[in-house]
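Notes follow the structure.
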Amino acid sequence: MSTYGTLFRVTTFGESHCASVGAIIDGCPPGLELSAQDIQIQLNRRRPGQSDLTTPRNEKDAVQLQSGIEQGVTLGTPIGLLVRNEDQRPHDYSETDLYPRPSHADYTYLEKYGIKASSGGGRSSARETIGRVAAGAIAEKYLRIAHGVEIVAFVSSVGRISLPTTAPTMGNEDEDDGGEPLSPEFRSLLASVTRPTVDAHPTRCPHPETAERMKARIIRAKDASDSIGGTVTCVVRNLPPGLGEPVFDKLEALLAHAMLSIPATKGFEIGSGFRGAEVPGSRHNDAFVQRADGSLGTRTNWSGGIQGGISNGEDVYFRVAFKSPATIARKQDTAKYDGEAGTLAARGRHDPCVVPRAVPIVEAMAAIVLMDALLIQKSRVAAMSLLPPITTLPPTMVMPQKARQEAANTTTTQ
Ligand SMILES: Cc1cc2nc3c(=O)[nH]c(=O)nc-3n(C[C@H](O)[C@H](O)[C@H](O)COP(=O)(O)O)c2cc1C
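Numbering (my numbering), first residue to last: 12 to 425.
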């Protein structure tokens, strides 16, 4: 379906070559100062034609605020956001009238709905993600003002060229060799990376030396009329503890759902991810320590800031894998809709690699998930605060009144 969220509900609309794309956001708190520019900044980071590493489709992606905001302040009513499609060229896609593009969505959309948009990816096109990015910018602004939440995504690999994510491995597979799931360099990058350092290079990789190699890899794919995939890593700082709704709506499950709904995604891992399966518990456990403010934190953070499906106050970080874009100009032996074998060399304007443009989309989906989770937890804490303090239960069962009040303040006040 095209709606996500329980209390912060985002509905996106639009296809690749229709009149406009956008979103309706229901449940945004009233009283948030919001301008078109707050949203435009992120749309500009997503828009096509930013560099020779992205599709040359020329779209300004200028957002128009339709409703829910007056004199720069949200009213609490549905916010309508619209972006006109200006550079539609349906004729570019005449080949796909005959061929479903291999690994694109043409065949499955037609099978499912019995009808599909006449050109381009229709609803499966990355044009749809404009609504997500616009809604995410609103969620992000609220999260930043309310809790100082910072969300930064960056490109961590293109093809097989990767940031120094993992420690140099590791000898004998049968032995416990003392390695860690993620390298110290990568962990320090997670702690310090900022959007300006990410945007300093057209690949959106914040490691200049690796970024240059990634750029050359994307250009090599483009020159060969081919495409290449990659991964995006995202870190969320200053997220309050208590977010996530076990058991089915654990925070990592919600993030995985949201990330895997982005077109072209193929994988998701949280914290130590698949590498976490390779080290023993004695090294993977995040031991508790007392923070300067007296609260409990963890010495390491292989959990990725989530335990039991609930945020624990440490940084949340995760990685998303994007496949190589399906539409390539290189000839492919395939079959037409009617089953006749043939050769397709796709025309049109396409991204040779989606990850540089996927960065703000990942940030937006993270913001939407966290905003919804925050509003749900705030409503629970507010409801509980109306009850008298519990004095009859042992301290391991119920938070002391003072700590409970402090926890309530963390999720209910600025
Ligand atoms: C930012 C972004 C740009 C994309 N650009 C293209 C593109 O130029 N050509 C293409 O074939 N797919 C592109 N895609 C991917 C398709 O939208 C998507 O792969 C396709 O609809 C098939 O869906 P699936 O990969 O989710 O199964 C892009 C995805 C993203 C996130």
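Just so you know, even glycine gets a beta-carbon here, dropped at the ideal spot from N, CA and C. In this text the structure is predicted, and so the values were computed from the model without any measurement.
Boundaries (first-last residue) of the beta strand (DSSP E) holding residue 165: Locating residue 165 in the sequence shown gives position 154, counting from the first residue. Looking at the DSSP string, the run of the beta strand (DSSP E) that includes residue 165 is 161 to 169.
List the DSSP bridge partners of residue 242. Within the sequence shown, numbered from 1, the residue matching residue 242 stands at position 231. DSSP lists 168, 332 as partners of residue 242.
Taking only the alpha-carbon atoms, compute the straight-line gap between residue 224 and residue 51 and give it to the nearest angstrom. Position 213 of the sequence shown, counted from the first residue, corresponds to residue 224. Position 40 of the sequence shown, counted from the first residue, corresponds to residue 51. Those two C-alpha atoms are separated by around 30 Å.
In this structure, does DSSP put residue 51 in helix, strand or coil? By 1-based counting over the sequence shown, the position of residue 51 is 40. Helix.
Mapping DSSP to helix, strand and coil, what is residue 354? Taking the sequence shown and counting its residues from 1, the one referred to as residue 354 is at position 343. DSSP places residue 354 in strand when its eight states are reduced to three.
With residue 280 as the anchor, note down where its beta strand (DSSP E) starts and where it stops. For this step, residue 280 is matched to residue 269 along the sequence shown. Looking at the DSSP string, the run of the beta strand (DSSP E) that includes residue 280 is 276 to 281.
Going by the CB atoms, is the gap between residue 379 and residue 15 shorter than 8 Å? Taking the first residue of the sequence shown as 1, we reach residue 15 at position 4. Taking the first residue of the sequence shown as 1, we reach residue 379 at position 368. In contact: residue 15 and residue 379 (Cβ atoms closer than 8 Å).
On the criterion of 16 or more Cβ atoms from any shown chain inside 10 Å, does residue 398 qualify as buried, or is it exposed? Looking up residue 398 in the sequence shown gives position 387. Flag for residue 398 reads exposed.
Going by DSSP in three states, residue 80 sits in which element: helix, strand or coil? Looking up residue 80 in the sequence shown gives position 69. Reduced to three states, the DSSP call for residue 80 is strand.
What residue from 316, 299, 317 has the CA that sits closest to residue 310's CA? Numbered from 1 along the sequence shown, position 299 holds the residue referred to as residue 310. The shortest Cα separation from residue 310 among 316, 299, 317 belongs to 299.
Contact under 8 Å by Cβ, residue 66 with residue 383: Working through the sequence shown from its first residue, we reach residue 66 at position 55. Working through the sequence shown from its first residue, we reach residue 383 at position 372. Taking the C-beta atoms as reference points, residue 383 is found no nearer than 8 Å to residue 66.
Under three-state DSSP, which class holds residue 62? Position 51 of the sequence shown, counted from the first residue, corresponds to residue 62. In this structure, residue 62 counts as coil in the three-state DSSP scheme.
Excluding the 5 residues preceding and the 5 following residue 409 in the sequence, name in chain order all residues of the same chain whose CB lies nearer than 6 Å to its CB. As a first step, residue 409 is located in the sequence shown; it is residue number 398 there, counting from the start. Contacts found: 401.
Touching by the beta-carbon criterion (3+ pairs, under 8 Å), the stretch 163 to 179 and the stretch 252 to 267: When Cβ pairs closer than 8 Å are counted between the two stretches, the stretch 163 to 179 is seen not to touch the stretch 252 to 267, the count staying below three.
Residue 426 to residue 147, Cα distance in whole Å? Lying before the first or after the last residue shown, residue 426 is absent from the chain, which here runs from 12 to 425.
For residue 248, the nearest candidate out of 366, 328, 63, 87 (CA to CA): Against the sequence shown, residue 248 aligns to sequence position 237. Among 366, 328, 63, 87, the Cα nearest to that of residue 248 belongs to 328.
By Cβ distance, which residues of its chain are closer than 6 Å to residue 13, with the 5 residues on each side in sequence left out? As a first step, residue 13 must be located in the sequence shown, where it is residue number 2. Same-chain partners within the cutoff: 22, 23.
Please go through the same chain and pick out, in chain order, the residues whose beta-carbon is closer than 8 Å to the beta-carbon of residue 30, but skip the five residues on each side of it. Taking the sequence shown and counting its residues from 1, one reaches residue 30 at position 19. Within the same chain, residue 30 has close Cβ partners 95, 96.
Please tell me whether residue 53 and residue 371 are closer than 8 Å, where the distance is taken between their beta carbons. As a working note, residue 53 is residue 42 in the sequence shown. As a working note, residue 371 is residue 360 in the sequence shown. Result yes, Cβ atoms of residue 53 and residue 371 sit closer than 8 Å.
Which term fits residue 294, buried or exposed, when burial requires 16 or more other beta carbons within 10 angstroms of its beta carbon? One-based indexing of the sequence shown puts residue 294 at position 283. Classification for residue 294: exposed.
Count the other CB atoms, across all protein chains shown, that sit within 10 Å of the CB of residue 319; report buried if there are 16 or more and exposed otherwise. Locating residue 319 in the sequence shown gives position 308, counting from the first residue. Residue 319 is exposed by the Cβ-count criterion.
Could you tell me the alpha carbon to alpha carbon distance between residue 112 and residue 357, rounded to whole angstroms? Your numbering for residue 112 matches position 101 in the sequence shown. Your numbering for residue 357 matches position 346 in the sequence shown. Taking the straight line joining both Cα atoms gives about 8 Å.
Which of helix, strand or coil DSSP assigns to residue 373: Along the sequence shown, one-based indexing puts residue 373 at 362. It is helical.
Taking a contact to mean a Cβ-Cβ separation below 8 Å, would you say residue 364 touches residue 241 in this structure? The sequence position of residue 364 within the sequence shown is 353, counting from 1. The sequence position of residue 241 within the sequence shown is 230, counting from 1. Yes, the pair counts as a contact, with Cβ atoms nearer than the cut-off.
Taking 7 Å as the cut-off, is the CB of residue 56 close to at least one heavy atom of ligand 1? Translated into the one-based positions of the sequence shown, residue 56 becomes position 45. Residue 56 Cβ: outside cutoff for every heavy atom of ligand 1.
Go through its chain and collect everything with a Cβ distance to residue 206's Cβ below 8 Å, but skip five positions before and after it. Here residue 206 is taken as the residue at index 195 of the sequence shown, counted from 1. The answer, listed in chain order, is 163.
Residue 34: first and last residue of the uninterrupted beta strand (DSSP E) it sits in: What you label residue 34 is simply residue 23 of the sequence shown in a count that begins at 1. Element bounds for residue 34: 31 to 37.
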